[in-house]
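Sequence lines, in order, name chains A and B. Add 7 to the 1-based position in the first sequence for the numbering used here, that's all there is to it. Add 68 to the 1-based position in the second sequence for the numbering used here, that's all there is to it. Every residue, glycine too, gets a C-beta built ideally from N, C-alpha and C. Read through the structure below, which is laid out as structure tokens, and then see the notes.
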Amino acid sequence: AQSVTQPDIHITVSEGASLELRCNYSYGATPYLFWYVQSPGQGLQLLLKYFSGDTLVQGIKGFEAEFKRSQSSFNLRKPSVHWSDAAEYFCAVLGGYNKLIFGAGTRLAVHP
Amino acid sequence: DTGVSQNPRHKITKRGQNVTFRCDPISEHNRLYWYRQTLGQGPEFLTYFQNEAQLEKSRLLSDRFSAERPKGSFSTLEIQRTEQGDSAMYLCASSLAGGTGGTDGYTFGSGTRLTVV
Chain A
8 AQSVTQPDIH
18 ITVSEGASLE
28 LRCNYSYGAT
38 PYLFWYVQSP
48 GQGLQLLLKY
58 FSGDTLVQGI
68 KGFEAEFKRS
78 QSSFNLRKPS
88 VHWSDAAEYF
98 CAVLGGYNKL
108 IFGAGTRLAV
118 HP
Chain B
69 DTGVSQNPRH
79 KITKRGQNVT
89 FRCDPISEHN
99 RLYWYRQTLG
109 QGPEFLTYFQ
119 NEAQLEKSRL
129 LSDRFSAERP
139 KGSFSTLEIQ
149 RTEQGDSAMY
159 LCASSLAGGT
169 GGTDGYTFGS
179 GTRLTVV
């Protein structure tokens with residue numbers, strides 16, 4: 008069955024520090040992978056996506072993610088975190104009928 | 069077009085009452101999805117429409133839930149005889165079917181937060 012695991016429920020980093028959010032997926036074929044961000048009380052905003060090609064994908068707000076097939080991972084990174092990045096982050100894989108299968112999310116807190 | 073619109077933003081209802089939510093997708097999008105998100109969890113797929121046809125329903129969508137998309141435009145999600153376990157954020161998303169199968173990404177609405185007391 009298709010699934011997404013985000014091992015870290017909550018992460019706290021200092022402003023200016025680097026960030027890596029982990030995502031592991033289970034999918035039989037070549038996955039289409041996404042990272043979304045959700046601010047409190049808001050909907051989901053697409054940060055970046057991977058379909059094929061270059062395994063390092065660039066997104067909005069300075070985020071990037073690397074697809075590693077051998078590790079079934081699609082980790083999200085940012086070299087220097089800003090206080091405004093505090094939010095919940097969801098990794099997702101595209102399933103049948105183009106429905107998204109989400110992980111449980113990682114809540115990011117940023118200390119000044 | 070201002071994106072995907074959902075109404076109401078918040079709904080508090082007594083257990084046993086019926087509630088209906090509305091989603092207005094981006095006008096040219098022919099695919100529409102409903103998801104449910106409970107506290108501390110990622111969104112879970114409920115149902116999917118392509119134009120007016122409801123093509124898939126999750127097992128999460130019990131008999132008390134019904135969704136419609138008349139004329140392939142806006143959609144409604146109705147919950148009958150609400151239970152406390154129905155308390156959640158209900159998210160709507162739309163996308164355009166195309167060569168990449170809509171994988172250019174969904175556009176999500178801000179959601180309707182339902183509280184059943």
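What runs of the beta strand (DSSP E), each 3 residues or longer, lie entirely inside the segment 103-144 of chain B? 112-118, 121-125 and 133-136
Interface partners of residue 111(A) on chain B, CB under 8 Å: 108, 109 and 110
Cα-Cα separation between residue 56(A) and residue 39(A), rounded to whole angstroms: 7 Å
Looking at the unbroken beta strand (DSSP E) that takes in residue 42(A), where does it start and where does it end? 40-45
Neighbouring residues, chain C, relative to residue 50(A) (Cβ below 7 Å): Included in the structure are the protein chains A and B, with no chain C among them.
Under the rule that 16 or more other beta-carbon atoms within 10 Å means buried, what is residue 110(A), buried or exposed? buried
Closer than 7 Å, Cβ to Cβ, to anything on chain A: give me those residues from the segment 117-131 of chain B, in chain order. 123 and 124
So, using beta-carbon positions, are residue 99(B) and residue 117(B) closer together than 9 Å? yes
For the segment 87-96 of chain B against the segment 153-164 of chain B, are there 3 or more C-beta pairs whose distance is under 8 Å? yes
Report the residue from 154(B), 120(B) and 113(B) whose alpha carbon sits nearest the alpha carbon of residue 141(B). 120(B)
Would residue 137(B) pass as an interface residue toward chain A - the criterion being a Cβ-Cβ separation below 9 Å? no
Closest residue to residue 41(A) among 54(A), 87(A) and 67(A) (Cα-Cα distance): 54(A)
Residues of the segment 68-95 of chain A with a CB closer than 8 Å to any CB of chain B: list them in chain order, please. none
Secondary structure of residue 105(A), DSSP reduced to three states: helix
Which bits of chain B does residue 104(A) rub up against, with CB to CB less than 7 Å? 116, 123 and 124
Should residue 89(B) and residue 82(B) be called a contact, given that it needs their Cβ atoms to be closer than 9 Å? no
DSSP three-state assignment for residue 181(B), whether helix, strand or coil: strand
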